[in-house]
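Position 139 (the sequence shown) corresponds to 143 in this note's numbering; numbering is contiguous.
Glycine included, C-beta positions come from ideal geometry on N, C-alpha and C.
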Amino acid sequence: MTAEAGQRLLACLRELQETTTWTVDVTGPRWRLGGATWQAAVDVEPRRYLGLAFEALDPVTGKRATYDIDTDLYDLSQDKYREFAGEIERDIIEFLGNLKKKAVLRGNSGSKFVLVFPLDGSCVRVVQGRFMSSGSSHPDPAAARIGGDYVPVE
């Protein structure tokens, strides 16, 4: 894998550090980002791992929802995973851009805390269950936002 994929993500993180009011803490390859109702850890180890672990909080109910994007256990030093790593990097950059543009929304559907956001040409709906989050993809943003009022994650 070339360093280019990790370099684009690092450039995005540096730009966000300069242009947002987010809390940013960098320790080695891990960038910790935070807002009023969310936190994220972004790991950038281009020859090993790329990942985003995102958690949002409903400030009224205290419920949380999580969403992860990562390269899993694939050996990114192998050329055959170059395209895969680039796709993961692109998704992380897009997610962070949508977070900055306030396009990542939070709401409730019944007793469930829900996140809705655009990603890769569709709209993702993440519902926090009792133990884990589940995600679904919808071509229509209105279909992803069913069940309640949604506001930007801030």
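Opposing strand residues paired with residue i [DSSP bridges]
{"i": "R110", "result": "L119 and V155"}
{"i": "Q132", "result": "S137"}
{"i": "D74", "result": "G55"}
{"i": "E49", "result": "Y53"}
{"i": "S126", "result": "L123"}
{"i": "Q43", "result": "G38 and E59"}
{"i": "A9", "result": "DSSP lists no partner for A9."}
Cut-off 7 angstroms between Cβ atoms - residues of its own chain near residue i, not counting five sequence neighbours on either side
{"i": "D153", "result": "G111"}
{"i": "A147", "result": "none"}
{"i": "L123", "result": "D95, E98 and F99"}
{"i": "H142", "result": "S126, C127, R129 and A148"}
{"i": "E22", "result": "none"}
{"i": "L77", "result": "none"}
{"i": "R52", "result": "L80"}
Cβ neighbours of residue i in the same chain (closer than 6 angstroms, five flanking residues each side left out)
{"i": "A7", "result": "Low local confidence applies: a pLDDT of 49 at A7 is under 50, so the model's placement there is unreliable, with the coordinate-based value given in what follows. P50, listed in sequence order."}
{"i": "T27", "result": "G38"}
{"i": "A40", "result": "E158"}
{"i": "D62", "result": "F117"}
{"i": "S140", "result": "R129"}
{"i": "L17", "result": "W35"}
{"i": "S113", "result": "G151 and G152"}
Residue nearest to residue i in terms of C-alpha spacing, selected from the options
{"i": "E59", "options": "V155, S141 and S137", "result": "S137"}
{"i": "R12", "options": "Y71, A45, L54 and T41", "result": "L54"}
{"i": "L80", "options": "I92, L17, T24 and A69", "result": "I92"}
{"i": "Q132", "options": "H142, D74, L119 and P143", "result": "L119"}
{"i": "T186", "options": "G10, V48 and S115", "result": "In the structure displayed, the chain extends from 5 to 158; residue 186 sits before or after that span and is not available."}
{"i": "L109", "options": "D83, Y71 and F88", "result": "Y71"}
{"i": "A9", "options": "T23, A44, E22 and V48", "result": "V48"}
{"i": "A45", "options": "N102, V155, I73 and Y78", "result": "I73"}
{"i": "W42", "options": "A57, P33 and T31", "result": "A57"}
{"i": "P145", "options": "Q82, G32, P33 and F121", "result": "F121"}
Chain-order list of residues whose beta-carbon lies under 8 angstroms from that of residue i (same chain, five-residue window excluded)
{"i": "G125", "result": "none"}
{"i": "L20", "result": "W26, V28, L37, L100 and K104"}
{"i": "V155", "result": "L109, R110 and G111"}
Unbroken beta strand (DSSP E) run spanning residue i, endpoints
{"i": "R94", "result": "Per DSSP, R94 belongs to no beta strand (DSSP E); it is in the alpha helix (DSSP H), R86 to K104."}
{"i": "L37", "result": "R34 to G38"}
{"i": "V30", "result": "T27 to T31"}
First through last residue of the alpha helix (DSSP H) which encompasses residue i
{"i": "A148", "result": "P145 to A148"}
Residue-chain proximity (residue i, chain C), Cβ-Cβ < 9 angstroms
{"i": "V157", "result": "Considering every chain present, this structure includes no chain C. It has just one protein chain."}
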